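S.K.: According to numbering that gives the first Met the number 0, numbering within the sequence shown proceeds without interruption in unit steps and concludes at 166. One structure is given below, represented as structure tokens, and several questions about it will come after.
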Amino acid sequence: MREVGNLINSFRIEICCLQETKVEVMNEKVCKSIWGNRPFDWSHKEAEGNSGGILTIWNIEVFQKLSEWSCRGMLVVNGRWVGDGSRCTIINVYTPNNSAQRGDLWELIEALADQHITDKVCIIGDFNAIRGEKERIGRSSFCDTRDMDKFNKMIEGSDLTEIPLVG
């Protein structure tokens, strides 16, 4: 996790969402080793056995937590931006690598987005899914078009904007 900490401090990241921490019990010492000496708060959803684990860390001078909750595959932090006082929900997702469980989680995400929990919603994470065949890299050529259709439906139905990964 040292490399993550170096990136956070090099780029002055204000909010960091990590998936697959594989840590059952998170503590402040581990978070400080990732975040460094700047003021922070954090929320964590424990790993289940050797998989999963979700961690969200943020600069408390930029974002303040009002509440948090989690369920299988997601960690939700409701808070407010210190600068303008607007409320924001950050949903950190690690979707199971099981088609039925993914579909259930996507339905929950879509329902949350429909509720307009706060002024702004940011959903970030590992969805274990692709939107189209061209996104499939380094694996067999088989693509489950039903999963792609469900994933695209969730994104479009939730009025989400995908910010593609580059690099």
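Using N, Cα and C, we set each Cβ at its ideal position, and we do this for glycine too. Keep in mind that this is a model prediction, so the values were computed, not measured.
Per DSSP, what kind of secondary structure is Ile123 in: helix, strand or coil?
M.R.: Reduced to three states, the DSSP call for Ile123 is strand.
S.K.: Helix, strand or coil: which one does DSSP assign to Val22?
M.R.: Val22: coil per DSSP, three-state reduction.
S.K.: Here's the rule: buried if 16 or more other CB atoms are within 10 angstroms of the residue's CB, otherwise exposed. What is Asn127?
M.R.: It is buried - the Cβ of Asn127 has at least 16 other Cβ atoms within 10 Å.
S.K.: Any idea which residues DSSP pairs Thr94 with across the strands?
M.R.: For Thr94, which the question treats as bridged, DSSP gives no partner whatsoever.
S.K.: If you reduce the DSSP assignment to three classes, tell me which class Gly166 lands in.
M.R.: Residue placement at Gly166 cannot be trusted, given a pLDDT of 47 that sits under 50; the coordinates are not used to answer.
S.K.: For a quick check, are the C-beta atoms of Thr55 and Ser66 less than 9 angstroms apart?
M.R.: For Thr55 and Ser66, no; Cβs fall outside 9 angstroms.
S.K.: Helix, strand or coil for Ile85? Go by DSSP, reduced to three states.
M.R.: What sits at residue 85 in the sequence shown is Ser, not Ile. Residue state, collapsed to three classes: coil.
S.K.: Could you name the residues of the same chain whose beta carbon sits closer than 6 angstroms to that of Ile53, not counting the 5 residues immediately before and after it, in chain order?
M.R.: So the list reads Gln18, Lys44, Leu74, Asn91 and Tyr93, once near-sequence residues are dropped.
S.K.: Can you tell which of Gly35, Asp143 and Ile108 has its C-alpha closest to the C-alpha of Gly156?
M.R.: When only C-alpha atoms are compared, the closest one is Ile108.
S.K.: My guess is that Leu159 and Ile129 are in contact by the Cβ rule of under 8 angstroms, so how many angstroms apart are they, rounded?
M.R.: In fact, because the Cβ distance is near 15 angstroms, the residues do not count as touching under 8 angstroms.
S.K.: Could you give the distance in angstroms between the alpha-carbon of Thr144 and the alpha-carbon of Ala99?
M.R.: Taking the straight line joining both Cα atoms gives about 14 angstroms.
S.K.: Once DSSP output is grouped into helix, strand and coil, what is the label at Val61?
M.R.: Reduced to three states, the DSSP call for Val61 is coil.
S.K.: In angstroms, rounded to a whole number, what distance separates the CA positions of Arg71 and Glu132?
M.R.: Distance between the alpha carbons of Arg71 and Glu132 is about 27 angstroms.
S.K.: So what's Asp103 in DSSP terms, helix, strand or just coil?
M.R.: The answer is helix: DSSP assigns Asp103 an H, G or I state.
S.K.: Please state if the CB of Phe39 and the CB of Lys28 are separated by a distance shorter than 9 angstroms.
M.R.: No, Cβ-Cβ distance for Lys28 and Phe39 is not below 9 angstroms.
S.K.: Closest to Asn49 by C-alpha separation, out of Pro95, Gly4 and Arg86, would be which residue?
M.R.: The shortest Cα separation from Asn49 among Pro95, Gly4 and Arg86 belongs to Pro95.
S.K.: Specify, as a first and last residue, the run of the beta strand (DSSP E) that Glu45 falls within.
M.R.: Residues Phe39 to Glu47.
S.K.: Let's see if you can read the secondary structure: which residues bound the alpha helix (DSSP H) around Leu74?
M.R.: Taken as a continuous stretch (DSSP letters only), Leu74 belongs to no alpha helix (DSSP H), being part of the beta strand (DSSP E) at Met73 to Trp80.
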